[in-house]
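Visitor: I have a structure I would like to understand better, so I am pasting it below and will then ask my questions one at a time.
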Amino acid sequence: MLKGFNGVILRINLTKKEVQREEINEEWAKLFIGGRGYGEKIIYEEVDPKIDPLSEENKVVIATGPIVGTTAPASGRIMVITKGPLNNTLACSNAGGYFGIELKMAGYDMIILEGKAPEPVYLWIDNDEVDIRSAKDMWGKTTIETDKVLRENTHIEAKTMEIGPAGEKLSKISGVMFDGHRASGRTGVGAVVGSKNFKGIAVRGTKGVEVADVEGFKEAVKNAYGKLAAHPVASEGLPTYGTAVLMNILNNVGSLPTKNAQDAYFPNADNISGEAMVKKTLIRKKGCGGCPIDCGRVTEIREGKYKGDHGEGPEYETAWSMGAMCGVDDINAVTKAHYLCDEYGLDGISAGVTIACAMELYEKGYMPKEDAPFPIRFGDGDAVVELVKLMGTREGFGNLLSEGSYRLAEHYGHPELSMSVKKQEIAAYDPRGVKGIGLEYATSNRGACHVRGYTIAPEVLGTPIQVDRLAYEGKADLVKLFQDLTAAVDASGACLFTTFGMEAANYAELVTTATGIPYDEKNLLLAGERIWNLERLFNLKAGLTTEDDTLPKRFIDEPIPSGPSKGEVNELPKMLPEYYKVRGWDSEGRPTDDKLTELSLK
Amino acid sequence: MKVLVVDPLKCSGGKSCELACSFEQTGKFNIADSRIKIHFFPEQINFTPTVCMQCRDAYCVQVCPTGALSRRKEDGVVYLDQNKCIGCKQCIVACPWGSVKLDHAGETLIKCDTCGGDPACVKVCTSGALKFVEADEAVLSKQRNTAEKYMKIAEQMAKGGDVNA
Numbered sequence: 000m001l002k003g004f005n006g007v008i009l010r011i012n013l014t015k016k017e018v019q020r021e022e023i024n025e026e027w028a029k030l031f032i033g034g035r036g037y038g039e040k041i042i043y044e045e046v047d048p049k050i051d052p053l054s055e056e057n058k059v060v061i062a063t064g065p066i067v068g069t070t071a072p073a074s075g076r077i078m079v080i081t082k083g084p085l086n087n088t089l090a091c092s093n094a095g096g097y098f099g100i101e102l103k104m105a106g107y108d109m110i111i112l113e114g115k116a117p118e119p120v121y122l123w124i125d126n127d128e129v130d131i132r133s134a135k136d137m138w139g140k141t142t143i144e145t146d147k148v149l150r151e152n153t154h155i156e157a158k159t160m161e162i163g164p165a166g167e168k169l170s171k172i173s174g175v176m177f178d179g180h181r182a183s184g185r186t187g188v189g190a191v192v193g194s195k196n197f198k199g200i201a202v203r204g205t206k207g208v209e210v211a212d213v214e215g216f217k218e219a220v221k222n223a224y225g226k227l228a229a230h231p232v233a234s235e236g237l238p239t240y241g242t243a244v245l246m247n248i249l250n251n252v253g254s255l256p257t258k259n260a261q262d263a264y265f266p267n268a269d270n271i272s273g274e275a276m277v278k279k280t281l282i283r284k285k286g287c288g289g290c291p292i293d294c295g296r297v298t299e300i301r302e303g304k305y306k307g308d309h310g311e312g313p314e315y316e317t318a319w320s321m322g323a324m325c326g327v328d329d330i331n332a333v334t335k336a337h338y339l340c341d342e343y344g345l346d347g348i349s350a351g352v353t354i355a356c357a358m359e360l361y362e363k364g365y366m367p368k369e370d371a372p373f374p375i376r377f378g379d380g381d382a383v384v385e386l387v388k389l390m391g392t393r394e395g396f397g398n399l400l401s402e403g404s405y406r407l408a409e410h411y412g413h414p415e416l417s418m419s420v421k422k423q424e425i426a427a428y429d430p431r432g433v434k435g436i437g438l439e440y441a442t443s444n445r446g447a448c449h450v451r452g453y454t455i456a457p458e459v460l461g462t463p464i465q466v467d468r469l470a471y472e473g474k475a476d477l478v479k480l481f482q483d484l485t486a487a488v489d490a491s492g493a494c495l496f497t498t499f500g501m502e503a504a505n506y507a508e509l510v511t512t513a514t515g516i517p518y519d520e521k522n523l524l525l526a527g528e529r530i531w532n533l534e535r536l537f538n539l540k541a542g543l544t545t546e547d548d549t550l551p552k553r554f555i556d557e558p559i560p561s562g563p564s565k566g567e568v569n570e571l572p573k574m575l576p577e578y579y580k581v582r583g584w585d586s587e588g589r590p591t592d593d594k595l596t597e598l599s600l601k
Numbered sequence: 000m001k002v003l004v005v006d007p008l009k010c011s012g013g014k015s016c017e018l019a020c021s022f023e024q025t026g027k028f029n030i031a032d033s034r035i036k037i038h039f040f041p042e043q044i045n046f047t048p049t050v051c052m053q054c055r056d057a058y059c060v061q062v063c064p065t066g067a068l069s070r071r072k073e074d075g076v077v078y079l080d081q082n083k084c085i086g087c088k089q090c091i092v093a094c095p096w097g098s099v100k101l102d103h104a105g106e107t108l109i110k111c112d113t114c115g116g117d118p119a120c121v122k123v124c125t126s127g128a129l130k131f132v133e134a135d136e137a138v139l140s141k142q143r144n145t146a147e148k149y150m151k152i153a154e155q156m157a158k159g160g161d162v163n164a
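Below is the structure:
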């Protein structure tokens, strides 16, 4: 039997209220590693790409990887995989926290949720005891309240997964939360869980995880720790300032989307930066399961109308989406808006970008003023906070907002004002100032996304090597490499941030010594490429085409008006055809037979 | 003599110490077999480690009827000899800290032995919450932290400034 894995998948049929145990398929483990890869293979095999994502036929896989529950650095990731309601893609959204580790400790690798419960339920997993219980008393509660009730109803040490009111109300930008604070935020996975009348999971385990080669694994962990300790981002930048250390860095290269990306330079960026958080809101840093980086922030609001609130974050993305993207430099309002996203279970990126879109629609007079509950203007932090509340509960104008920026902008006849690709909102990097990330947004299988191929590392941060951010040449190869490596890292169960230091060989060494399956740099990347192509095949079957591999018109047509990247646009056509070529796809973006054979996907 | 020093304010809750401890001691990753424990207080978002303090006059040693628990002179570790242990659990009752416990199977009594002087938990703790240092060094470090505060207050007072600023 493979090690690293526990070898057991829990299948929960909510319609029939049935619990089944299945063995891990060793062949799939070899091909798709685990986590994102293995979980997506399940969806690919079991879910028709044409179905309505919010119908009973959809399924949700909650997956760990083979190194989750070990001392491999930052190896506590948990993946939520389903057909996504935001854009019909094969959606996978991952989170940190402790749930993944606890699920492994309980003796399982993954959970498959299928069917639909007639009434709200939650799942209690206590080692071998698995119980589907009524969640009627939890329905309507925030994620943080739900986390508390789940622990009170089960075990003080249980780790939890839950949806908030946004997921219950099927918001297309709702996520799944873990322990109330860590988010599988993107692609609307929360709505799929909500559509099944499924409120959450409490898990506790005392069984543990074995690895194939104990001494080899120790050596692999030591090597990985060494690489991270030697890297300034992993050992200094992220621990000291959190992910929001990026705020000033991106602003300084004129690539911080501002006021719905009408600009890419925000003069007040420092007020919402990681450095500002240290001075104004930070209580302590926090690490997810097995993490030596500790980018998490435990914070409190110490002044103004939200004084007294405390929670986690914001991380860079929400600090930007609620901040610069909305023209807001009030760190207290940004922090409050972030807390609310966690509580309602909203994707902080999509929520902020959707509000920014509403602000532009309002200011330009593209939406009737009477549709807005109050004036929605750039720079108004309190308005952002109030809009998140409406969005989380779908009250009034919030009903439309909770569908995301694309459907909002389309409703008012201006879809071009949605800063999204495949209907998913962009992240905190302006693709006009950083060309490769534009190609990444355009081709990311789950819609605009920075963590499917974080080319910001070489293009802006200069790691592992510095690449010219404004060049088009070589970006197709770069994006492919980063996408494939990321898929493999996600499949292993490690956090993407470990790539600040760790190399493909490190992951190969960890997964090999954990599972006993021999990986080297080459076949690890090949597994990543296989995962990427599997996602692509699903999406093509779901009806997506090369037309969807694009960027918001603004990034192609409107030069950045000010700042260090003034005058830049993203000439995507200079990269996209080459990208298809290096991927071994035809001109319509379809994987060729040769490529599928090479990847054992035929 | 080296001691395992815990700084709860620095702990970032990553649980690496628990995973490393169980792996070093048993060859498997099982938090339930870890000798060190991170306690979560979710409402406060706080995490605090607890681990055996290796008491000089340890209650667990005093109640142990078979001499399985004893204090090693050379390193000050309260050592549990599995060959002599009869599993009476008097040590669990006697320890005021909860530092002796049963393993995941509920069979074997386990406690921290500082991994023979090179604790695995400390090696993976990057937050600075766990340190394995000479006892006088630990004391000195605490004294210096306090002295630094005194120094700052004295400087403020000398300038006639607000001490609370």
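Residue numbers (numbering that gives the first Met the number 0), protein chains in the order written: chain A, 0 to 601; chain B, 0 to 164. Quick reminder that beta carbons are idealized off the backbone N, C-alpha and C, glycines included.
1) In this structure, how does DSSP classify B:H38 when only helix, strand and coil are distinguished?
2) For A:V297, decide whether its Cβ has a neighbour in chain B, counting only Cβ atoms nearer than 9 Å.
3) For chain A, find out if any of its Cβ atoms is closer than 9 Å to the Cβ of B:G26; answer yes or no.
4) In chain order, what residues of the same chain lie with their CB nearer than 8 Å to the CB of B:P48, ignoring the 5 residues before and after it?
5) Do A:T485 and A:G3 have their C-beta atoms within less than 9 Å of each other?
6) Where do the ends of the beta strand (DSSP E) carrying B:L68 lie?
7) Can you tell me where the beta strand (DSSP E) holding B:M156 begins and where it ends?
8) Start and end of the beta strand (DSSP E) containing A:C287?
9) To the nearest angstrom, how far is the alpha carbon of A:P563 from that of A:A263?
10) Would you kindly check if the distance between the Cβ of A:A223 and the Cβ of A:N505 is under 9 Å?
11) Just list the residues that DSSP pairs A:H309 with in beta bridges.
12) Runs of 4 residues minimum, wholly inside the segment 34 to 108 of chain A: which ones carry the alpha helix (DSSP H) assignment?
13) Identify whether A:S443 lies in helix, strand or coil by the three-state DSSP scheme.
14) Suppose contacts are defined by Cβ-Cβ distances below 9 Å. Is A:G38 in contact with A:I66 by that definition?
15) By the three-class DSSP mapping on this structure, what secondary structure does A:T497 have?
16) Suppose only complete runs of 3+ residues qualify. What are the beta strand (DSSP E) ranges in the segment 93 to 140 of chain B, listed by chain order?
17) Does any C-beta atom of chain B lie closer than 9 Å to the C-beta of A:V232?
18) Looking only at its own chain, which residues have a Cβ that is under 6 Å from the Cβ of A:M574, when we skip the five neighbours before and after it?
19) Let me check understanding here. Comparing Cα to Cα, which of A:S74, A:H154, A:S254 and A:E161 lies closest to A:F554?
20) If we define contact as Cβ-Cβ less than 9 Å, is A:E209 a contact residue for chain B?
21) List, from N- to C-terminal side, the alpha helix (DSSP H) runs of 4 residues or more that fit wholly inside the segment 173 to 259 of chain A.
22) For A:L13 versus A:E101, is the C-beta distance shorter than 9 Å?
23) Three or more C-beta pairs closer than 8 Å, one from the segment 236 to 246 of chain A and one from the segment 330 to 349 of chain A: is that the case here?
24) Kindly indicate if chain A contains any beta-carbon less than 9 Å away from that of B:T15.
25) For chain B, find out if any of its Cβ atoms is closer than 9 Å to the Cβ of A:T512; answer yes or no.
26) Grab me the residues of A:P238's own chain with a C-beta within less than 8 Å of its C-beta, minus the 5 sequence neighbours each way, in chain order.
27) Using a Cβ cut-off of 7 Å, pull out every chain A residue sitting near B:G12, in sequence order please.
28) Would A:D308 pass as a contact of A:Y338 if the rule is Cβ separation under 9 Å?
29) Below 7 Å on C-beta distance, what does A:E311 contact in chain B?
30) Determine, using beta carbons only, whether B:P41 comes closer than 9 Å to chain A.
31) Residues of chain A with CB closer than 9 Å to the CB of B:V123, please, in chain order.
32) Note down, in chain order, every chain A residue with its Cβ under 7 Å from the Cβ of B:F131.
33) Just checking: is the beta-carbon of A:D47 within a distance shorter than 9 Å of some beta-carbon in chain B?
34) Measuring CB to CB, does A:R445 end up less than 9 Å from A:A182?
Guide: To lay it out plainly:
1) Along the second sequence, one-based indexing puts residue 38 of chain B at 39. In the structure shown, B:H38 sits in a strand (DSSP, three-state: E or B).
2) Position 298 of the first sequence holds residue 297 of chain A. So yes, A:V297 belongs to the interface.
3) The count along the second sequence starts at 1 and reaches residue 26 of chain B at position 27. Chain A, which has a Cβ nearer than 9 Å to the Cβ of B:G26, makes this yes.
4) The sequence position of residue 48 of chain B within the second sequence is 49, counting from 1. Cβ neighbours of B:P48 beyond the five flanking positions: V5, P7, C10, C16, I35, K36, I37, H38, A128 and L129.
5) In the first sequence, residue 485 of chain A corresponds to position 486, counting from 1. In the first sequence, residue 3 of chain A corresponds to position 4, counting from 1. Result no, Cβ atoms of A:T485 and A:G3 do not sit closer than 9 Å.
6) Position 69 of the second sequence, counting from 1, holds the residue named residue 68 of chain B. Where B:L68 is concerned, the enclosing beta strand (DSSP E) stretches over L68 to R70.
7) To locate residue 156 of chain B, count along the second sequence from 1; it is residue 157. Run containing B:M156: none in the beta strand (DSSP E); it sits in the alpha helix (DSSP H), A134 to A157.
8) Here residue 287 of chain A is taken as the residue at index 288 of the first sequence, counted from 1. It is not in any beta strand (DSSP E) - A:C287 carries neither H nor E in the DSSP assignment.
9) Counting from one through the first sequence, the residue named residue 563 of chain A turns up at place 564. Counting from one through the first sequence, the residue named residue 263 of chain A turns up at place 264. Their Cα atoms are separated by approximately 9 Å.
10) Numbered from 1 along the first sequence, position 506 holds the residue referred to as residue 505 of chain A. Numbered from 1 along the first sequence, position 224 holds the residue referred to as residue 223 of chain A. Yes, these two residues count as a Cβ contact at 9 Å.
11) As a first step, residue 309 of chain A must be located in the first sequence, where it is residue number 310. Paired residue(s): A:E299.
12) 34 to 45 and 98 to 104
13) As a first step, residue 443 of chain A is located in the first sequence; it is residue number 444 there, counting from the start. Coil.
14) The sequence position of residue 38 of chain A within the first sequence is 39, counting from 1. The sequence position of residue 66 of chain A within the first sequence is 67, counting from 1. No, Cβ-Cβ distance for A:G38 and A:I66 is not below 9 Å.
15) Translated into the one-based positions of the first sequence, residue 497 of chain A becomes position 498. Of the three classes helix, strand and coil, the one that applies to A:T497 here is helix, per DSSP.
16) 129 to 133
17) Taking the first sequence and counting its residues from 1, the one referred to as residue 232 of chain A is at position 233. It does not: the Cβ of A:V232 has no partner Cβ on chain B nearer than 9 Å.
18) On the first sequence, residue 574 of chain A is found 575 positions in, with the first residue counted as 1. Only L438, Y471, K474 and A475 meet the Cβ criterion.
19) Here residue 554 of chain A corresponds to residue number 555 of the first sequence, with the count starting at 1. The option with the nearest alpha carbon to A:F554 is A:S254.
20) Position 210 of the first sequence, counted from the first residue, corresponds to residue 209 of chain A. It does; some Cβ of chain B falls within 9 Å.
21) 188 to 194, 213 to 228, 237 to 240 and 245 to 251
22) Taking the first residue of the first sequence as position 1, residue 13 of chain A is located at position 14. Taking the first residue of the first sequence as position 1, residue 101 of chain A is located at position 102. Cβ atoms of A:L13 and A:E101: not closer than 9 Å.
23) no
24) The residue you call residue 15 of chain B lines up with position 16 of the second sequence. Contrary to the premise, residue 15 of chain B reads as Ser rather than Thr in this sequence. For B:S15, the answer is yes, since a Cβ of chain A falls inside 9 Å of its Cβ.
25) Along the first sequence, read from residue 1 onward, the residue named residue 512 of chain A stands at position 513. Judged by the 9 Å Cβ criterion, A:T512 is not in contact with chain B.
26) If you number the first sequence from 1, residue 238 of chain A lands on position 239. Within the same chain, A:P238 has close Cβ partners K284, I292, D293 and C294.
27) Here residue 12 of chain B refers to the residue found at position 13 of the second sequence. What B:G12 touches in chain A: K285 and G286.
28) Against the first sequence, residue 308 of chain A aligns to sequence position 309. Against the first sequence, residue 338 of chain A aligns to sequence position 339. For A:D308 and A:Y338, yes; Cβs fall inside 9 Å.
29) For the purposes of this step, residue 311 of chain A is identified with residue 312 of the first sequence, where counting begins at 1. Under the 7 Å cutoff, chain B gives I44.
30) For the purposes of this step, residue 41 of chain B is identified with residue 42 of the second sequence, where counting begins at 1. At least one chain A Cβ lies under 9 Å of B:P41.
31) On the second sequence, position 124 is the one that residue 123 of chain B refers to. Under the 9 Å cutoff, chain A gives T70, P72, V220, Y224, G289 and P291.
32) As a first step, residue 131 of chain B is located in the second sequence; it is residue number 132 there, counting from the start. Within chain A, no residue comes near B:F131; the closest Cβ sits about 17 Å away, beyond 7 Å.
33) Position 48 of the first sequence, counted from the start, is the residue given in the question as residue 47 of chain A. No - not a single Cβ of chain B is within 9 Å of the one on A:D47.
34) What you label residue 445 of chain A is simply residue 446 of the first sequence in a count that begins at 1. What you label residue 182 of chain A is simply residue 183 of the first sequence in a count that begins at 1. No. Outside cutoff.
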